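Asks: Protein chains in written order, with the working numbering: chain X, 1059 to 1352; chain S, 44 to 338. The C-beta atom is built at its ideal place from N, Cα and C for all residues, glycine as well. For clarity, every value in this text was computed on a predicted model and none was experimentally measured. Please see the structure below; I have some questions.
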Amino acid sequence: MPETKKSAPNEIVPPISLRRRCTDHFMTGVAVLTVVLVLVPLFAIFAYLVYRGVGSINWAFLTQTPKPVGEAGGGMANAIVGSAFILALASILGVPLGVGAGIYLAEYGRNRLGDVIRFTADVLNGVPSIVIGIVAYSIVVLYQKHFSALAGGVALAIMMIPTITRTTEEMLLLVPQALREAAYGLGIPRWRTTLSITLRTATSGVLTGIMLAFARVAGETAPLLFTAFGNQFWNLRVNQPTAALPLQIFNYAISPYDEWHRQAWAGALVLIVLIVTAVAAVRLAVRRGTFGAA
Amino acid sequence: MLLCGLAVLGTLVLIVYELVLRSGPSWHAFGFKFFAARDWDPVNEKFGALPFVYGTLVSSLLALIIAVPLSIGVAVFTTEMCPPALRGPLSFFVELLAAIPSVVYGLWAIFVLVPILSNYVQPFLSRTLGWTGFFTGAPYGISMLAAGIILAIMIVPIISSITREVLMVVPQHQREAALALGATRWEMIRMGVLRNARAGIMGGVILGLGRALGETMAVTMVIGNRPEIAKSLFAPGYTMASVLANEFSEATGDLNLAALIEIGLALFLVTIVVNALARLLVWTVTRGQPSRANA
């Protein structure tokens, strides 16, 4: 049966030559191969993280500060808390600015200035994080005369703003125009409409953007090197050097001590679990939320 | 709200202002020769950025050479070949690759990639391709090659996700027309899809380049951090971003600091140009005129 089916069109269209069919199969194979090659490092990284990390995480790791070189034990509790502290500072500075700029772009930004700001945000998004570290150094550290959690927070805030701005704008633009018109029709002033109608409707989308920006900067090391600087002890003062998880991982990874390598893996596992949880939560929220299509 | 918008603009202006202001001393001392001189000698206050520029360019180009074919392959597979059920998980995994912080990439590279390179890959390369001069020298693992490979792994998600986006806006009738003319699937992809998406793919590649140029931590951890220019990819190198990471907080004098900031300024300007170019290319494609790419 298949024979007759195949031969019928062959009378009109000449059969596809062997060379062309082979090329087709070959290129399909190549494409599959590239996928495998890309996924291998991904799985290798996660496998190693789990393999080296799980064995090194224990209660002490999560609750103690680092021990001096040569002594076993100790942990990264101060770095975990320090990271959270710096990220909180960054969010306090970055989120209102980012959301505000997003609102401006969506509601008032249909003009030349809006285009300029939109482009600026995109450009800022591509600035290398180490350069942002330099800027935070020269506007905060040089005036304070010492490294501080605040400087780290400023650096991370600058990195969060463009992402938050652009996603906020996109999410607000998805809110139907009719909602705004209805509010105007009821005599509600424009600023009130924006805050309690438009922004309110787009809340889940805006939160998604904030979480994505948060996840992106949570693992940043480069801008913290000469702003937050790191610290072997507890610190929750804004104007003092503060430990951060990515920094601690970096310092331990390039150190010559096995004990510290072990802790670097454990720290990396903690970091990645936090970030992946955040990203997965965002995906879940987006799928459930009103703006699933975005 | 306008204030917030202006703050975004202000941030960029502030970045430029601070970088220009603080790099002034170095600019006055060395002028354009800064980027042509090879010595980096903080003790005698002689600074030349050429080894760092070279290291940044070579490691990024190496990363592109490895990453571009891989990412295009992945994008083509996910949009044109794979069963719909696999599409979601596959793009999720590739996105996951983008969510891993660069310090974790570096950690993995130091303890897994570098030993593999020095034990297996480098001896093999120097046996088979040693005559080219690119693969000679002691196989320490820590090298320009390691930096290029880890960068490649890091930029694959960017290039492939943008390529995927661009491929998806290629009109369906282009594919149908090619198939109706008797093209095989690969011929359809090559002539009907990839050719139409050229400009957008180029944009994705340049965006990946921008990321590679500025990438700091993972590279710093595996490149070896020696300001030398060597032909062999097995030799250690240094990049603009990693010299900042290593020496900035330990700069010894004003001139040293200014020289480092000038490197930062150069890095900033290059990435801005690269990114603007990429955005422009992606934008021309996704804003609905794929036919223009044919011209």
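Look at X:T1300 and X:A1240 and say whether their C-beta atoms are less than 8 angstroms apart.
Replies: For the purposes of this step, residue 1300 of chain X is taken as the residue at position 242 of the first sequence. For the purposes of this step, residue 1240 of chain X is taken as the residue at position 182 of the first sequence. Contact flag unset, no.
Asks: Would you call S:F167 buried or exposed, if buried means 16 or more other Cβ atoms sit within 10 Å of its Cβ?
Replies: Within the second sequence, numbered from 1, the residue matching residue 167 of chain S stands at position 124. With fewer than 16 Cβ atoms within 10 Å of its Cβ, S:F167 is classed as exposed.
Asks: Are the stretch 230–238 of chain S and the stretch 299–315 of chain S touching, with three or more C-beta to C-beta distances below 8 angstroms?
Replies: Taking 8 angstroms as the limit for Cβ pairs, the verdict is that the stretch 299–315 of chain S does not touch the stretch 230–238 of chain S.
Asks: Buried or exposed, going by whether 16 or more other CB atoms sit within 10 Å of the CB of S:T54?
Replies: Numbered from its first residue, the second sequence carries residue 54 of chain S at position 11. Counting Cβ neighbours within 10 Å, S:T54 comes out buried, since at least 16 surround it.
Asks: Using CA coordinates, which residue listed in X:R1274, X:V1193 and X:A1130 is at the minimum distance from S:A301?
Replies: Sequence index remark: in the second sequence, residue 301 of chain S carries index 258 (1-based). For the residues X:R1274, X:V1193 and X:A1130, the minimum Cα distance to S:A301 belongs to X:V1193.
Asks: Could you check whether the Cβ of S:F360 sits closer than 8 angstroms to any Cβ belonging to chain X?
Replies: As displayed, chain S neither begins before 44 nor continues past 338, which places residue 360 of chain S out of reach and without an answer.
Asks: Using 8 angstroms as the limit for Cβ to Cβ distance, is S:T206 near chain X?
Replies: On the second sequence, residue 206 of chain S is found 163 positions in, with the first residue counted as 1. Cβ-Cβ to chain X under 8 angstroms: no for S:T206.
Asks: Between the C-alpha atoms of X:S1065 and X:P1073, what's the straight-line distance to the nearest angstrom?
Replies: Stepping through the first sequence from its first residue, residue 1065 of chain X is reached at position 7. Stepping through the first sequence from its first residue, residue 1073 of chain X is reached at position 15. Any reading at X:S1065 must be qualified, since the residue scores a pLDDT of 48, below 50, and its modelled position is unreliable; the value itself is stated next. Taking the straight line from one Cα to the other gives about 9 angstroms.
Asks: Identify every run of the alpha helix (DSSP H) within the stretch 1198–1256 of chain X, keeping only runs that are complete inside it and at least 4 residues long; order them along the chain.
Replies: 1207–1232, 1235–1243 and 1248–1251
Asks: Can you give me, in chain order, the residues of the stretch 1279–1294 of chain X that have a beta carbon less than 8 angstroms from any beta carbon in chain S?
Replies: T1279, A1280, L1283, F1284 and F1287
Asks: For a contact meaning CB atoms closer than 9 angstroms, what does X:T1223 contact in chain S?
Replies: As a position in the first sequence, residue 1223 of chain X is number 165, starting the count at 1. Under the 9 angstroms cutoff, chain S gives C47, G48 and V51.
Asks: CA-CA distance, S:T206 and X:H1204?
Replies: As a working note, residue 206 of chain S is residue 163 in the second sequence. As a working note, residue 1204 of chain X is residue 146 in the first sequence. For S:T206 and X:H1204, the distance between alpha carbons rounds to 45 angstroms.
Asks: Note down, in chain order, every chain X residue with its Cβ under 8 angstroms from the Cβ of S:A284.
Replies: Stepping through the second sequence from its first residue, residue 284 of chain S is reached at position 241. In chain order: P1186, I1188 and A1280.
Asks: Taking 8 angstroms as the CB-CB cut-off, is X:Y1162 touching chain S?
Replies: Here residue 1162 of chain X refers to the residue found at position 104 when the first sequence is read from its first residue. So yes, X:Y1162 belongs to the interface.
Asks: Check whether chain X comes within 8 angstroms of S:V137, counting only Cβ atoms and requiring the distance to be less than that.
Replies: Translated into the one-based positions of the second sequence, residue 137 of chain S becomes position 94. Taking Cβ atoms only, chain X reaches closer than 8 angstroms to S:V137, which makes this a yes.
Asks: Helix, strand or coil: how does DSSP classify S:F178 here?
Replies: Stepping through the second sequence from its first residue, residue 178 of chain S is reached at position 135. Looking at S:F178 - three-state DSSP - the assignment turns out to be coil, as it is neither helix nor strand.
Asks: Cα separation between S:P158 and S:F77?
Replies: Counted from its first residue, the second sequence places residue 158 of chain S at position 115. Counted from its first residue, the second sequence places residue 77 of chain S at position 34. Distance between the alpha carbons of S:P158 and S:F77 is about 36 angstroms.
Asks: Around the C-beta of X:N1169, are 16 or more other C-beta atoms found within 10 angstroms, so that it is buried, or is it exposed?
Replies: For the purposes of this step, residue 1169 of chain X is identified with residue 111 of the first sequence, where counting begins at 1. X:N1169 comes out exposed.
Asks: DSSP puts X:P1124 in a beta bridge; with which residues?
Replies: On the first sequence, position 66 is the one that residue 1124 of chain X refers to. Its beta-bridge partners are X:G1132.
Asks: Between S:S161 and S:A278, which are expected to be in contact by the criterion C-beta below 8 angstroms, what is the C-beta distance as a whole number of angstroms?
Replies: Your numbering for residue 161 of chain S matches position 118 in the second sequence. Your numbering for residue 278 of chain S matches position 235 in the second sequence. Not confirmed; about 13 angstroms, so no contact.
Asks: Taking CB distances under 8 angstroms as the criterion, tell me whether S:E7 reaches chain X.
Replies: The structure shown does not extend to residue 7 of chain S, since chain S is modelled only from 44 to 338, so the question has no answer here.
Asks: With a cut-off of 8 angstroms, does the C-beta of S:G149 fall near any C-beta of chain X?
Replies: The residue you call residue 149 of chain S lines up with position 106 of the second sequence. True, the Cβ-Cβ gap to chain X drops below 8 angstroms.
Asks: With a Cβ-Cβ cutoff of 8 angstroms, do S:T282 and S:S66 count as a contact?
Replies: The residue given as residue 282 of chain S occupies position 239 in the second sequence. The residue given as residue 66 of chain S occupies position 23 in the second sequence. Taking 8 angstroms as the Cβ cut-off, S:T282 and S:S66 do not qualify as a contacting pair.
Asks: Got a sec: does the ligand ADP put a non-hydrogen atom nearer than 7 angstroms to the Cβ of S:Y148?
Replies: As far as ligands go, the structure on display features none, and thus does not contain the ligand ADP.
Asks: As a quick exercise: from X:A1276, X:G1172 and X:R1341, pick the residue whose alpha carbon is nearest that of X:T1223.
Replies: Reading the first sequence from its first residue, position 165 is the one you call residue 1223 of chain X. Taking only the C-alpha atoms, the option nearest X:T1223 is X:G1172.
Asks: Grab me the residues of S:R238's own chain with a C-beta within less than 6 angstroms of its C-beta, minus the 5 sequence neighbours each way, in chain order.
Replies: Locating residue 238 of chain S in the second sequence gives position 195, where the first residue counts as 1. Contacts found: none.
Asks: Does the stretch 1315–1335 of chain X come close enough to the stretch 1273–1281 of chain X to have 3 or more Cβ pairs within less than 8 angstroms?
Replies: yes
Asks: Which residue from S:I304, S:N318 and S:E219 puts its Cα closest to that of S:V59?
Replies: By 1-based counting over the second sequence, the position of residue 59 of chain S is 16. For S:V59, the nearest C-alpha among the options comes from S:I304.
Asks: Have a look at X:L1053 and S:I266 and give me their C-alpha separation to the nearest angstrom.
Replies: For residue 1053 of chain X there is no data in the structure shown, the boundaries of chain X being 1059 and 1352.
Asks: Can you list, in chain order, the residues of its chain whose CB lies under 6 angstroms from that of S:V117, leaving out five sequence neighbours each side?
Replies: Residue numbering aside, residue 117 of chain S sits at position 74 when the second sequence is read from its first letter. Counting only Cβ-Cβ distances below 6 angstroms, and skipping sequence neighbours, we find S203.
Asks: Provide the residue span of the alpha helix (DSSP H) that contains S:I198, from first to last.
Replies: As a position in the second sequence, residue 198 of chain S is number 155, starting the count at 1. First-last of the alpha helix (DSSP H) with S:I198: M187 to M211.
Asks: Just reading off the alpha helix (DSSP H) that X:I1312 is part of, what are its end residues?
Replies: Residue 1312 of chain X sits at position 254 when you count from the first residue of the first sequence. Run containing X:I1312: none; DSSP gives neither H nor E here.
Asks: Check the Cβ-Cβ distances between X:L1266 and every residue of chain S, and say whether any is below 8 angstroms.
Replies: To locate residue 1266 of chain X, count along the first sequence from 1; it is residue 208. A small fix is needed here, since residue 1266 of chain X is Thr in this sequence, not Leu. With 8 angstroms as the cut-off, X:T1266 does not count as an interface residue toward chain S.
Asks: So, under 8 angstroms CB-CB, X:L1303 and X:S1141 are touching, yes? Tell me the CB distance rounded to an integer number of Å.
Replies: The sequence position of residue 1303 of chain X within the first sequence is 245, counting from 1. The sequence position of residue 1141 of chain X within the first sequence is 83, counting from 1. By a beta-carbon distance limit of 8 angstroms, X:L1303 contacts X:S1141. Their separation comes to about 4 angstroms.
Asks: Under 8 angstroms between C-beta atoms, does S:A189 make it to chain X?
Replies: If you number the second sequence from 1, residue 189 of chain S lands on position 146. Judged by the 8 angstroms Cβ criterion, S:A189 is not in contact with chain X.
Asks: Tell me whether S:G48 is buried or exposed, calling it buried when 16 or more other Cβ atoms sit within 10 Å of its Cβ.
Replies: Translated into the one-based positions of the second sequence, residue 48 of chain S becomes position 5. Counting Cβ neighbours within 10 Å, S:G48 comes out buried, since at least 16 surround it.
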